[in-house]
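Chemist: Just dropping this structure here.
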């Protein structure tokens with residue numbers, strides 16, 4: 001097993017105790033399962049935290065792990081297996097996200113360089129939502145304005161994969177709300193072809 005600190009990639013900061021524990025757990029998974037070893041050796045963690053928040057009156061707990069954006073391809077290949085292994089070891093839902101950067105609208109750049117669309121607030125929040133529901137697909141999104149002025153985002157998910165994600169929706173909704181300050185509700189349409 002490799003050194004757990006080598007799996008953590010943080011600029012100008014030392015990893016805290018929980019991040020070290022997460023890196024150690026991923027190292028143990030790498031050592032125990034040979035089919036994941038090739039991908040896990042190149043994956044880097046940028047942060048990890050324990051999440052506890054309220055959603056619809058109930059307290060939800062989860063582990064949020066942020067991975068370096070360059071690990072995206074490798075993480076997508078082993079996402080389901082890694083998530084289930086980590087859930088078994090931490091005994092609570094685990095959420096795997098990629099670390100993304102939001103650049104302000106009026107960021108001073110050299111010359112005429114524009115800010116990339118992938119670094120805007122809207123695009124980063126959409127990408128976080130995609131990461132949270134992965135490997136399920138989002139069929140549609142709606143914004144509902146409440147009478148008191150609140151916005152609720154309705155997200156339509158693929159009904160064919162309902163059993164895979166149904167038990168995690170409350171945790172996903174609570175984590176998304178904590179990260180983006182947006183309220184989200186998940187629904188499954190009757191048909192995949194005509195989500196309404």
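Residue numbers (our numbering): 1 to 196. Ideal Cβ placement from N, Cα and C applies to all residues, glycine included. Predicted model, so just to flag it, every value in this text is computed and none were measured.
First and last residue of the beta strand (DSSP E) that includes residue 141?
Modeler: Taken as a continuous stretch (DSSP letters only), the beta strand (DSSP E) holding residue 141 covers 138-145.
Chemist: Drop a sphere of 10 angstroms on the beta-carbon of residue 186, count the other beta-carbons inside from all chains shown, and report buried for 16 or more, exposed for fewer.
Modeler: Buried.
Chemist: Taking the alpha-carbon of residue 49 as reference, which of 140, 135, 63 has the nearest alpha-carbon?
Modeler: Answer by Cα proximity: 63.
Chemist: Where do the N-terminal and C-terminal ends of the alpha helix (DSSP H) with residue 29 fall, by residue?
Modeler: Looking at the DSSP string, the run of the alpha helix (DSSP H) that includes residue 29 is 17-32.
Chemist: Can you tell which of 126, 57, 68, 132 has the C-alpha that lies nearest to the C-alpha of residue 80?
Modeler: It is 132.
Chemist: To the nearest whole angstrom, what separates the beta carbons of residue 31 and residue 7, a pair I think is in contact under 8 Å?
Modeler: Not quite, the Cβ-Cβ distance comes to about 12 Å (not below 8 Å), so this is no contact.
Chemist: Does residue 38 come out as helix, strand or coil in the three-state DSSP assignment?
Modeler: DSSP places residue 38 in helix when its eight states are reduced to three.
Chemist: Which whole-angstrom value is the C-beta distance of residue 74 and residue 43, which I expect to be below 8 Å?
Modeler: Confirmed, Cβ separation roughly 6 Å.
Chemist: Quick one: what does DSSP say residue 44 is sitting in, helix, strand or coil?
Modeler: Correct three-state label for residue 44: coil.
Chemist: Would you kindly check if the distance between the Cβ of residue 172 and the Cβ of residue 124 is under 9 Å?
Modeler: In this structure, residue 172 does not lie closer than 9 Å to residue 124 by Cβ.
Chemist: Taking C-alpha atoms, which residue in 59, 128, 176, 139 lies nearest to residue 189?
Modeler: Checking every option, the nearest Cα to that of residue 189 belongs to 139.
Chemist: Under a Cβ-count criterion, where at least 16 other Cβ atoms within 10 Å of its own Cβ denotes burial, should residue 56 be classed as buried or exposed?
Modeler: It counts as exposed.
Chemist: Counting only runs that start and end within the stretch 87-140, where is the alpha helix (DSSP H) found for 4 or more residues in a row?
Modeler: 121-133, all fully within the stretch 87-140.
Chemist: For residue 93, which residues of its own chain have a beta-carbon under 7 Å away from its beta-carbon, when the five flanking residues on both sides are left out?
Modeler: The residues are 62, 87, 168, 171.
Chemist: Please identify the residue among 33, 29, 38, 47 whose C-alpha is closest to the C-alpha of residue 17.
Modeler: Among 33, 29, 38, 47, the Cα nearest to that of residue 17 belongs to 47.
Chemist: Whose CA, out of 158, 177, 163, 105, lies closest to the CA of residue 151?
Modeler: If we check each option's Cα against that of residue 151, 177 comes out closest.
Chemist: Residue 13 to residue 21, Cα distance in whole Å?
Modeler: Straight-line Cα distance between these residues: approximately 16 Å.
Chemist: If you drop the 5 nearest sequence neighbours on each side, which residues of the same chain put their C-beta closer than 6 Å to that of residue 52?
Modeler: Correct list, in chain order: 61.
Chemist: Per DSSP, which one or two residues make a beta bridge with residue 61?
Modeler: According to DSSP, residue 61 bridges with 52.
Chemist: How many angstroms separate the CA atom of residue 117 from the CA atom of residue 106?
Modeler: Cα to Cα, the separation comes out at about 13 Å.
Chemist: Does the distance from the CB of residue 199 to the CB of residue 142 come in under 9 Å?
Modeler: An answer regarding residue 199 cannot be provided, because it is not within the stretch 1 to 196 covered by the chain.
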